[in-house]
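Have a look at the structure below, then the notes.
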Amino acid sequence: MSYETLIVETNEGVTLIRLNRPQALNALSSELWTDLTDALNAAEADDAVRCVVITGSAKAFAAGADIKEMQPKSYADMFGENFFAAGAARIESFRKPIIAAVAGYALGGGCELAMLCDFIICADNAKFGQPEINLGVAPGIGGTQRLTRFVGKSKAMEMILTGRMMDAAEAERAGLVSRVVPLDDLENEAMTAAKKIASLSPLSVMMNKEMVEAAYETTLTQGVKLERRLFHSLFAFDDQKEGMAAFVEKRKPDFKGR
Ligand code: DAK
Numbered sequence: 155m156s157y158e159t160l161i162v163e164t165n166e167g168v169t170l171i172r173l174n175r176p177q178a179l180n181a182l183s184s185e186l187w188t189d190l191t192d193a194l195n196a197a198e199a200d201d202a203v204r205c206v207v208i209t210g211s212a213k214a215f216a217a218g219a220d221i222k223e224m225q226p227k228s229y230a231d232m233f234g235e236n237f238f239a240a241g242a243a244r245i246e247s248f249r250k251p252i253i254a255a256v257a258g259y260a261l262g263g264g265c266e267l268a269m270l271c272d273f274i275i276c277a278d279n280a281k282f283g284q285p286e287i288n289l290g291v292a293p294g295i296g297g298t299q300r301l302t303r304f305v306g307k308s309k310a311m312e313m314i315l316t317g318r319m320m321d322a323a324e325a326e327r328a329g330l331v332s333r334v335v336p337l338d339d340l341e342n343e344a345m346t347a348a349k350k351i352a353s354l355s356p357l358s359v360m361m362n363k364e365m366v367e368a369a370y371e372t373t374l375t376q377g378v379k380l381e382r383r384l385f386h387s388l389f390a391f392d393d394q395k396e397g398m399a400a401f402v403e404k405r406k407p408d409f410k411g412r
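Residues in the sequence shown are numbered from 155 upward in steps of one, following the numbering used here.
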């Protein structure tokens with residue numbers, strides 16, 4: 155499937171989605187969100203796809219929602235269209251891991267898109283920010299909530315109220331990204347992590363993802379209880395038998411997703 159705003163390729167169990175609006179620094183237009191939703195639907199439906207990587211260009215992961223598209227809109231337009239809600243919901247309910255590989259600007263909706271992914275690997279030139287305040291608006295795809303959970307109230311409040319950008323080193327210190335790599339290595343590093351995930355039991359991967367997500371949605375007691383139940387249930391799968399047998403027999407496991 156080809157798209158106007160994305161380049162999508164699948165290899166070795168990994169779908170790489172590259173945002174492709176270079177003339178607008180990958181600003182997130184409605185068309186791009188529709189294409190992204192469609193590409194993710196296809197990746198979710200394809201059993202051969204085990205992990206997704208979303209990336210942009212060396213200059214911009216995404217410089218935010220498309221300001222030129224939003225400029226003429228009224229409250230009735232935004233509310234009536236439920237602007238961006240479907241795209242965000244698609245990522246929130248995606249069951250396979252999604253890695254954001256961020257180089258350059260990840261601003262506004264771009265920073266929110268990266269935070270919607272399961273983890274972020276960034277290049278040393280990455281810049282994260284929620285500059286919507288400069289436009290007289292506010293983050294609208296979860297930025298006030300996710301950034302605050304990831305980096306804490308003080309840093310989130312400063313960034314959202316002043317529009318200040320965070321560089322890659324600060325983003326790593328603050329816990330926003332899992333690690334920083336040289337720009338030239340970004341795609342390789344993200345693909346290596348994605349291929350490792352793709353080689354594992356897909357059922358176990360989905361359950362592990364669900365357990366970590368629960369840490370953001372539940373109390374500690376409820377989260378630990380859920381983890382224990384899901385851990386027990388993993389013993390119902392053939393992949394648990396295969397994984398442990400392979401360890402004992404000193405060979406590579408052959409996970410079937412059963
Ligand atoms: N939208 C549209 N076009 C953009 C853009 C954006 N966000 N960012 C950059 N561009 C375009 C520029 O207009 C320029 O186009 P031409 O003028 O050449 O036609 C081209 O990309 C190159 O940009 P610059 O010439 O500005 O490049 P520089 O290197 O000088 O500067 C920059 C790079 C990233 C610092 C600068 O472009 C910039 O400040 N961009 C805007 C960043 C920003 O404010 N982002 C936040 C956008 S607001 C909602 C949910 C979410 C949202 C809203 C509602 N609902 C659920 C209701 C989200 C809002 C946002 O994200």
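Glycine included, C-beta positions come from ideal geometry on N, C-alpha and C.
Counting Cβ pairs, one atom from each stretch, are 3 or more of them under 8 Å apart for the stretch 162-174 and the stretch 217-230? The stretch 162-174 is not in contact with the stretch 217-230.
May I have the straight-line CA-CA distance separating V162 from E403, to the nearest angstrom? Walking along the sequence shown from the start, residue 162 turns up at place 8. Walking along the sequence shown from the start, residue 403 turns up at place 249. Cα to Cα, V162 sits roughly 39 Å from E403.
Using a Cβ-based criterion (distance less than 8 Å to any ligand heavy atom), does A239 qualify as near the ligand DAK? For the purposes of this step, residue 239 is taken as residue 85 along the sequence shown, with counting starting at 1. Yes, Cβ of A239 sits closer than 8 Å to a heavy atom of the ligand DAK.
Please report the distance separating the alpha-carbon of G234 from that of F391. Sequence index remark: in the sequence shown, residue 234 carries index 80 (1-based). Sequence index remark: in the sequence shown, residue 391 carries index 237 (1-based). Going from the Cα of G234 to the Cα of F391 covers about 45 Å.
Rounded straight-line distance, which links the Cα of K406 to that of A325: One-based indexing of the sequence shown puts residue 325 at position 171. One-based indexing of the sequence shown puts residue 406 at position 252. Their backbone Cα atoms lie some 36 Å apart in a straight line.
Residues bridged to E163 (per DSSP): Within the sequence shown, residue 163 is the residue found at index 9, counting from 1. Assignment of beta-bridge partners to E163 by DSSP yields L170.
Excluding the 5 residues flanking L301 on each side, which residues of the same chain have their C-beta closer than 6 Å to its C-beta? For the purposes of this step, residue 301 is taken as residue 147 along the sequence shown, with counting starting at 1. The beta carbon of L301 lies closer than 6 Å to those of A310 in the same chain, with the five residues before and after it left out.
Which residues mark the beginning and the end of the beta strand (DSSP E) in which G283 is found? Residue numbering aside, residue 283 sits at position 129 when the sequence shown is read from its first letter. Run containing G283: 281-283, per the beta strand (DSSP E) assignment.
Neighbour-count burial assignment, L413, 16 or more Cβ in a 10 Å radius: Because the chain in this structure spans residues 155 to 412, residue 413 falls outside the shown range and cannot be described.
Jot down the residue ranges of each uninterrupted alpha helix (DSSP H) in the stretch 208-268, minimum 4 residues, whole runs only, in chain order. Within the stretch 208-268, complete alpha helix (DSSP H) segments of at least 4 residues are found at 221-224, 229-235, 239-246, given in chain order.
Does DSSP put F401 in a helix, a strand or coil? Within the sequence shown, the letter at position 247 stands for residue 401. F401 falls in the helix class under three-state DSSP.
Do you know whose CA, among L270, I252, Y259, lies nearest A239's CA? Taking the sequence shown and counting its residues from 1, the one referred to as residue 239 is at position 85. For A239, the nearest C-alpha among the options comes from L270.
What span of residues does the beta strand (DSSP E) with A197 cover, start to end? Taking the sequence shown and counting its residues from 1, the one referred to as residue 197 is at position 43. Secondary structure note for A197: it is in no beta strand (DSSP E), and the uninterrupted alpha helix (DSSP H) holding it is 184-199.
Using only the alpha-carbon positions, how far apart do A196 and A348 sit? Sequence index remark: in the sequence shown, residue 196 carries index 42 (1-based). Sequence index remark: in the sequence shown, residue 348 carries index 194 (1-based). Near 17 Å, if we compare the C-alpha coordinates of A348 and A196.
Identify the residues that DSSP records as bridge partners of C276: which are they? Numbered from its first residue, the sequence shown carries residue 276 at position 122. In DSSP, C276 forms a bridge with V256, V334.
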